[in-house]
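Here the structure is laid out as C-alpha coordinates; the discussion comes afterwards.
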Amino acid sequence: MPIKTWSRKSTILPDFVGVSFLIYNGKKFIPITISEDMVGHKLGEFSPTRVFKGHSRDKKAVQGKK
(Lines of atoms letter the chains of each structure in order from A and count residues from 1; the text may use other names and numbers.)
(Lines give C-alpha, C1' and ligand atoms only; values in the text may rest on other atoms or scores of the structure.)
Protein backbone atom coordinates (compact mmCIF):
# COMPACT_ATOMS: atom_id res chain seq x y z
CA MET A 1 0.00 0.00 0.00
CA PRO A 2 1.63 3.28 -1.11
CA ILE A 3 1.93 6.23 1.25
CA LYS A 4 -0.24 9.15 0.12
CA THR A 5 1.39 12.55 0.65
CA TRP A 6 0.77 16.18 -0.19
CA SER A 7 4.24 17.21 1.05
CA ARG A 8 6.37 17.83 -2.03
CA LYS A 9 9.07 19.58 0.03
CA SER A 10 10.02 16.47 2.05
CA THR A 11 13.58 15.23 1.56
CA ILE A 12 13.99 11.59 0.53
CA LEU A 13 15.91 9.68 3.20
CA PRO A 14 17.85 6.40 2.81
CA ASP A 15 15.11 4.69 4.85
CA PHE A 16 12.61 5.40 2.03
CA VAL A 17 14.40 3.22 -0.59
CA GLY A 18 11.94 0.64 -1.96
CA VAL A 19 8.89 2.42 -0.51
CA SER A 20 6.04 3.52 -2.80
CA PHE A 21 4.57 7.01 -2.51
CA LEU A 22 1.59 8.75 -4.08
CA ILE A 23 2.74 12.37 -4.48
CA TYR A 24 0.13 15.06 -5.14
CA ASN A 25 0.95 17.35 -8.09
CA GLY A 26 -1.95 19.77 -7.58
CA LYS A 27 -4.41 17.77 -9.68
CA LYS A 28 -3.83 14.07 -9.06
CA PHE A 29 -1.54 11.69 -7.19
CA ILE A 30 1.51 10.42 -9.10
CA PRO A 31 2.80 6.95 -8.08
CA ILE A 32 6.55 6.88 -7.35
CA THR A 33 8.77 4.06 -6.04
CA ILE A 34 11.90 5.37 -4.33
CA SER A 35 15.30 4.16 -5.58
CA GLU A 36 18.81 4.80 -4.23
CA ASP A 37 19.43 7.49 -6.87
CA MET A 38 16.61 9.60 -5.43
CA VAL A 39 18.09 9.90 -1.91
CA GLY A 40 18.77 13.53 -0.98
CA HIS A 41 16.29 14.94 -3.49
CA LYS A 42 12.80 16.27 -2.72
CA LEU A 43 9.62 14.26 -3.37
CA GLY A 44 8.21 17.04 -5.57
CA GLU A 45 11.07 16.68 -8.08
CA PHE A 46 9.54 13.41 -9.29
CA SER A 47 5.96 14.67 -9.62
CA PRO A 48 5.77 17.40 -12.31
CA THR A 49 3.04 20.00 -11.80
CA ARG A 50 2.94 21.37 -15.34
CA VAL A 51 2.54 19.81 -18.79
CA PHE A 52 4.94 21.09 -21.46
CA LYS A 53 3.23 20.92 -24.85
CA GLY A 54 6.21 22.26 -26.81
CA HIS A 55 6.94 25.65 -28.30
CA SER A 56 4.74 26.93 -31.08
CA ARG A 57 6.28 26.94 -34.54
CA ASP A 58 7.50 30.16 -36.13
CA LYS A 59 4.65 31.64 -38.18
CA LYS A 60 7.03 32.65 -40.99
CA ALA A 61 8.36 29.10 -41.31
CA VAL A 62 4.83 27.68 -41.44
CA GLN A 63 3.77 30.09 -44.22
CA GLY A 64 6.86 29.30 -46.30
CA LYS A 65 6.08 25.57 -46.32
CA LYS A 66 2.57 25.96 -47.76
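Residue 8 is where the sequence shown starts when you use our numbering, and the numbers rise one by one after that.
Glycine included, C-beta positions come from ideal geometry on N, C-alpha and C.
Check each candidate in Tyr31, Ser54 and Glu43 and name the one with the smallest Cα separation from Asp22.
-> Within the sequence shown, the letter at position 15 stands for residue 22. Considering only Tyr31, Ser54 and Glu43, the residue with the shortest C-alpha distance to Asp22 is Glu43.
DSSP state of Lys67 mapped onto helix, strand, coil | Against the sequence shown, residue 67 aligns to sequence position 60. Lys67: helix per DSSP, three-state reduction.
7 Å CB neighbourhood of Asn32 in its chain, flanking five on each side removed = For the purposes of this step, residue 32 is taken as the residue at position 25 of the sequence shown. If the five residues before and after Asn32 are omitted, its C-beta is found closer than 7 Å to the C-beta atoms of Ser54, Pro55 and Thr56, all from its own chain and listed in chain order.
Ordered along the chain, which non-local residues of its own chain (more than five positions away) have a Cβ less than 8 Å from that of Leu20?
-> Taking the first residue of the sequence shown as 1, we reach residue 20 at position 13. Result list for Leu20: Val46, in chain order.
Terminal residues of the beta strand (DSSP E) in which Pro38 lies | Within the sequence shown, the letter at position 31 stands for residue 38. Run containing Pro38: Phe36 to Thr40, per the beta strand (DSSP E) assignment.
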